[in-house]
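Below is one structure, written out as structure tokens, with a few remarks after it.
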Amino acid sequence: MKLFESFKPKQDIHALSHITGGGIVGNTSRVLTEGLSLDIDWSAWKRPAIFSLIQQHGNGPDDDMRRAFNLGIGLIIIAPQEKATQIAAALEAQNEQPIMMGKVV
């Protein structure tokens, strides 16, 4: 992927998390150092309509939806805050739609 050609992985990108079953927190927590956690802004993006349909017909609470599904997020990049704009621009140049969705605390 051309995205990574312009970055120094150890300085610019600390971790990648592929969001599959287990949701955003479940998958991304695996790449965090012990003692760190995620502070996610769940309103930072609009969920694809299919997840609202599943939640409505399955009568599932938000916590269950967040734990089981990716809610439209396929990959999370954990990077220093000062690199976020540069990384977002590189993603946009690759026709991706980056979302700043939280931070590591």
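Under my numbering, think of the first position of the sequence shown as 10, with each following residue one higher.
Each residue gets a CB set at the ideal place from its N, CA and C atoms; glycine is no exception.
{"Check": "Apply the 10 Å Cβ neighbour rule to residue 32 and answer buried if 16 or more other Cβ atoms are within range, or exposed otherwise.", "Outcome": "buried"}
{"Check": "Looking at the strands, I want to know which residues DSSP matches up with residue 111.", "Outcome": "49"}
{"Check": "Under DSSP, the beta strand (DSSP E) around residue 26 begins and ends at which residues?", "Outcome": "24-27"}
{"Check": "Which residue marks the beginning of the beta strand (DSSP E) containing residue 80, and which one marks its end?", "Outcome": "Neither: residue 80 is in no beta strand (DSSP E) and is coded neither H nor E."}
{"Check": "Among the residues of its own chain, which have a CB less than 8 Å from the CB of residue 25, if the five just before and after it don't count?", "Outcome": "40, 84, 85, 86, 87"}
{"Check": "Rounded to a whole number of angstroms, what is the C-alpha to C-alpha distance between residue 110 and residue 59?", "Outcome": "20 Å"}
{"Check": "In whole angstroms, what is the alpha-carbon distance linking residue 56 and residue 49?", "Outcome": "14 Å"}
{"Check": "Use the C-beta contact count for residue 29: other C-beta atoms within 10 angstroms, 16 or more gives buried, fewer gives exposed.", "Outcome": "exposed"}
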